[in-house]
Amino acid sequence: AFAQSTATLQGEVADVTGAPVANATVLVSNALTGFSRELKTEADGRWIVTNLPFNTYVVLVSAPGFAAAVNEVPLRSNIPRTLAVKLAPAPQTAKVEVTAFETSSLIEPEATGTRTELNARAIEHMPLPPNSRGVESVLLSLPGFAANANGAIHPRGAHNQMSYVIDGMPITDQLTGSFANAVDPSIVQTIELYTGNVPAEYGNKISGVASITTKSGMGGNRPFSGNTQVNADTFDTLGQVTQLAGGTERFGYFASINTLKSNRYLDQVSTDNLHNGGNSQRAFSRFDWQLGGTDQLRLNLLAGRSGFELANLRSQNAAGQDQRQLLRDFAASIGWLHTLDPLTTVDTTLSYRTAIAQLSGSPGDTPVTAAQARHLTTVTLAMRGNRHQGAHTIRAGADWQHFPVSENFSFGITHPEFNAPSSDNYIPTLAAHDVSRGGALFHYSGRRSGKLYSAFAQDNVKLGRLMLSLGLRYDAYRFLATAYQLQPRIGAAFHIRETGTVLRASYNRTFQTPPNENLLLSSSQEAAVLVSPLVREALGAGVVIIRPERQNVYEVGLQQALGRKLSLNASFYHKDSRDLQDNDNFFNTGIIFPTSLSRSRTNGAEARVMLLPVRRLSGSVSLTHYHTVVTPPFTGGLFLGSTALDLLTAGPFIIDHDQKLGVHTILEYKLRKNIWLSGAVRYDSGLVSNPSDAAEVAADADYFDLLPYVNLASDPPRVRPRTIADLAIGYERMRADRRLWDAVFQVSNLAGSTALYNFQSIFVGTRLVQPRTFAVKLRYYF
41 AFAQSTATLQ
51 GEVADVTGAP
61 VANATVLVSN
71 ALTGFSRELK
81 TEADGRWIVT
91 NLPFNTYVVL
101 VSAPGFAAAV
111 NEVPLRSNIP
121 RTLAVKLAPA
131 PQTAKVEVTA
141 FETSSLIEPE
151 ATGTRTELNA
161 RAIEHMPLPP
171 NSRGVESVLL
181 SLPGFAANAN
191 GAIHPRGAHN
201 QMSYVIDGMP
211 ITDQLTGSFA
221 NAVDPSIVQT
231 IELYTGNVPA
241 EYGNKISGVA
251 SITTKSGMGG
261 NRPFSGNTQV
271 NADTFDTLGQ
281 VTQLAGGTER
291 FGYFASINTL
301 KSNRYLDQVS
311 TDNLHNGGNS
321 QRAFSRFDWQ
331 LGGTDQLRLN
341 LLAGRSGFEL
351 ANLRSQNAAG
361 QDQRQLLRDF
371 AASIGWLHTL
381 DPLTTVDTTL
391 SYRTAIAQLS
401 GSPGDTPVTA
411 AQARHLTTVT
421 LAMRGNRHQG
431 AHTIRAGADW
441 QHFPVSENFS
451 FGITHPEFNA
461 PSSDNYIPTL
471 AAHDVSRGGA
481 LFHYSGRRSG
491 KLYSAFAQDN
501 VKLGRLMLSL
511 GLRYDAYRFL
521 ATAYQLQPRI
531 GAAFHIRETG
541 TVLRASYNRT
551 FQTPPNENLL
561 LSSSQEAAVL
571 VSPLVREALG
581 AGVVIIRPER
591 QNVYEVGLQQ
601 ALGRKLSLNA
611 SFYHKDSRDL
621 QDNDNFFNTG
631 IIFPTSLSRS
641 RTNGAEARVM
651 LLPVRRLSGS
661 VSLTHYHTVV
671 TPPFTGGLFL
681 GSTALDLLTA
691 GPFIIDHDQK
701 LGVHTILEYK
711 LRKNIWLSGA
721 VRYDSGLVSN
731 PSDAAEVAAD
741 ADYFDLLPYV
751 NLASDPPRVR
761 PRTIADLAIG
771 YERMRADRRL
781 WDAVFQVSNL
791 AGSTALYNFQ
801 SIFVGTRLVQ
811 PRTFAVKLRY
821 YF
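What follows is the structure in structure tokens.
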């Protein structure tokens, strides 16, 4: 209950006479997610577990001289749940009973849409290199995502429509690549990912919603503990993570500091790792207070800073290009939870987040130069009410969000062959800013603020084997555009107990608000003067204000227990969208700005098979397929160059983040009690690339050696398929049940494959997959 998006489970253990049983062992677990927490009862037989992600848990209570008791408890709200357990005297164990519950926990009968969860232990054992930017690399192990450059992930065929909710604080900024500092995976206790039938309380960017529960010191009964990790890998990468935690039954704290320095900070734009150094510092703290029997308070503080070079092409490096980016962000949230009665709670979260991005140009910039200073701030007030009423679990509330935006931007052409007057693609409106021919830099400065008002109601109804999720949301968006939308979010799940099957179906109407990054620039009349007369004639305007994207999302799914150790979760979905949001690249400057197109349709299928531990082996296989077709014309943003004009008059086309198949496999094997081996293999069939001319690419000193890794003859052109394997081996030094220190050695891209994420894309340019990288991590606990 100490985070608004988590549950509290408490109970009392007594014998058949009603006398409390002290020092009994209580194990709360979920076999499907790997979550497990063990504790002892107090002298009065009471126990409590907090910070539980919403899910169904098996509670095993045991004590010497008693028969073990097993209960299955669904937790779907922050209303505290109380479980009374009576232990009968008996010599036998509860092995048969536990096995039965293990089988039932292979499925989630109450999930009406696609939902997956990962916990801290699973994340720790993933073979992630120390320079992984954030939780995006963790989410790639789940179905529904295509991998892109610099940690970017495409959720179900969308581009920038991913939200993160950290202990109730929403973050809808882009957190990958050069946009902002990503969320540190080491602060995560659990990640709950929604990609289908997203609950009505979530808005803004909801093609994927990652609800993150952070680590807490509450209830640890240790006033002080912590750990320090140091790590190093190839490309002169060094880093450290230091964490502190402690608490009592009424107070808890957790703090983490993560620093990193690397000579390969961003994904390379050529096979040479040129001008690509960077460093980052991230800090997080969380404080929890139990103010009384009915009130809990939580404070989160999150800050980050990173400075790095933008990777160069060979020609840019030879000219001395030295573009650097600085990112800073700070966030704070305070959450209050009040229990009105045993069946009713209210909670409130107030959060503030600000993010600053500064890009500096250099005298050697070619073929263009650019500089930018961008400042985004988001203030959110969220209020919720929760109640259990018979078969109903009701959650309703309202949100108010205020987001001031400030942008400063400059641009100029520095190479005479770029936009030469003799070129077929010459744009006369850029001549005034061609500094190679005596022009002046283009400057833009803008400041605006917007608001989003939201209200929702959600009722989850349990009717025997049938689970209904009945949600309705209303958004009112007021920024550069004004728009409103009523959004039904309806789902149903039916549990066939005899076969261990859950069938589900849902319909969602969604309202995706435009990204704020460079939104003012792409919607300004000042930038419209750069637009080609041909584009202006085709559009009737230089720029068009971007409207929120509206989607209809249909999903059907299946969960199936396969024996006693395998679980299958599969789904098929269809999305049709108006005003599809995407990004464009400002003349290869590295600056991305938003655009939108008239319509799109996405069909996708995905599946995940989970293997529970069998003779020390466990793992998962995730499969993702989606096909996205976009229909022009552009309906919002800034349109530059002849390529934009071609798309304005073209028919439907397959967008660059369409991918036929992605497969991600993770296996973990316990060699011994304290030695583990973890491996990950990812196959991607390839994203759509730019339809470049092969002869021109072969003659280009920057790109000629990348031709073997892209298929320009296919329809549409795509980067070639790739398979990347990662391997890690870890050792944990234990004393009793306490870890003293551990060590991990890992290899990323084990085969040393050369492969591409993108190739000359008009949206994101060219990026290469990380080369073979060796890494070591050492951690000491205190």
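Residue numbers (the working numbering): 41 to 822.
Each residue gets a CB set at the ideal place from its N, CA and C atoms; glycine is no exception.
Item                                                                                                                            : Value
Limits of the unbroken alpha helix (DSSP H) element including Pro692                                                            : Here Pro692 belongs to no alpha helix (DSSP H), and DSSP marks it neither H nor E.
Among Tyr517, Asp273 and Asp387, nearest to Pro588 - alpha-carbon criterion                                                     : Tyr517
Pick from Gln363, Glu538 and Glu708 that is closest to Leu399, judged by C-alpha positions                                      : Gln363
Closest Cα partner of Val542 within the set Asn548, Phe534 and Ala645                                                           : Phe534
Assigned exposure category for Arg196 - 16 Cβ within 10 Å defines buried                                                        : buried
Close beta carbons around Ile206, own chain, < 6 angstroms, minus the five adjacent residues each side                          : Ile252
Touching by the beta-carbon criterion (3+ pairs, under 8 angstroms), the region 445-460 and the region 423-431                  : no
Backbone CA spacing between Ala162 and Arg641 [nearest angstrom]                                                                : 34 angstroms
Collapsed DSSP secondary structure at Phe814 in the structure displayed                                                         : strand
Limits of the beta strand (DSSP E) - the one that Ala189 falls within                                                           : Premise fails: Ala189 is in no beta strand (DSSP E) and is neither H nor E.
Environment of Gln429 [buried if 16+ CB atoms lie within 10 Å]                                                                  : exposed
Cβ pair Phe294, Arg322 closer than 9 angstroms                                                                                  : no
Continuous alpha helix (DSSP H) stretch holding Ala460: start and end                                                           : From DSSP, Ala460 is part of no alpha helix (DSSP H); its letter is neither H nor E.
As assigned by DSSP and simplified to three states, the class of Tyr749                                                         : helix
Candidates Met650, Leu652, Leu72 and Ile695: closest to Pro672 by CA position                                                   : Ile695
Meets three-Cβ-pair contact criterion under 8 angstroms: the region 233-240 and the region 97-112                               : no
Nearest neighbour of Ala431, chosen from Leu314, Leu520, Leu508 and Leu701 [CA to CA]                                           : Leu508
Whole-Å CB distance - Ala765 paired with Leu790, under 8 angstroms assumed                                                      : 4 angstroms
Uninterrupted beta strand (DSSP E) stretches inside the region 289-329 (no shorter than 3 residues)                             : 291-302
Straight-line Cα distance separating Arg655 from Ala71                                                                          : 15 angstroms
Ala240: CB within 8 angstroms of a non-hydrogen atom of the ligand NAD                                                          : Among the ligands in the structure shown, none appear at all, so the ligand NAD cannot be discussed.
Per DSSP, cross-strand counterpart(s) of Pro634                                                                                 : Asn623
Residue environment, Gln565, which counts as buried when at least 16 other CB atoms sit within 10 Å                             : exposed
Straight-line gap, Ser754 to Gly479 (C-alpha atoms, nearest Å)                                                                  : 41 angstroms
Backbone CA spacing between Ala62 and Val113 [nearest angstrom]                                                                 : 22 angstroms
Residue interval of the beta strand (DSSP E) (run including Ser823)                                                             : Residue 823 is absent from the model: the chain starts at 41 and stops at 822.
Reduced DSSP secondary structure (H/G/I, E/B, other) of Arg537                                                                  : helix
DSSP three-state assignment for Leu579, whether helix, strand or coil                                                           : helix
Cβ-based burial, Glu823 [other Cβ within 10 Å; buried from 16]                                                                  : Coverage of the chain is limited to positions 41 through 822, which leaves residue 823 absent and any answer about it impossible.
Spatial distance of Phe551 from Thr668 (CA atoms)                                                                               : 18 angstroms
Segment contact flag, the region 144-159 with the region 493-507, C-beta cutoff 8 angstroms, min 3 pairs                        : yes
Buried versus exposed, by CB contacts within 10 Å (16 or more), Leu503                                                          : exposed
Residue from Ala720, Asp698, Trp716 and Asn714 with nearest C-alpha to Thr705                                                   : Ala720
Given 8 angstroms, three or more beta-carbon pairs between the region 301-317 and the region 266-286                            : yes
Neighbourhood of Val809 by C-beta distance below 8 angstroms, restricted to the same chain and skipping five residues each side : Asp307, Arg762, Ile764, Asn789, Ser793, Thr794, Ala795, Leu796 and Tyr797
Distance between Pro456 and Ser203 (C-alpha atoms, nearest Å)                                                                   : 42 angstroms
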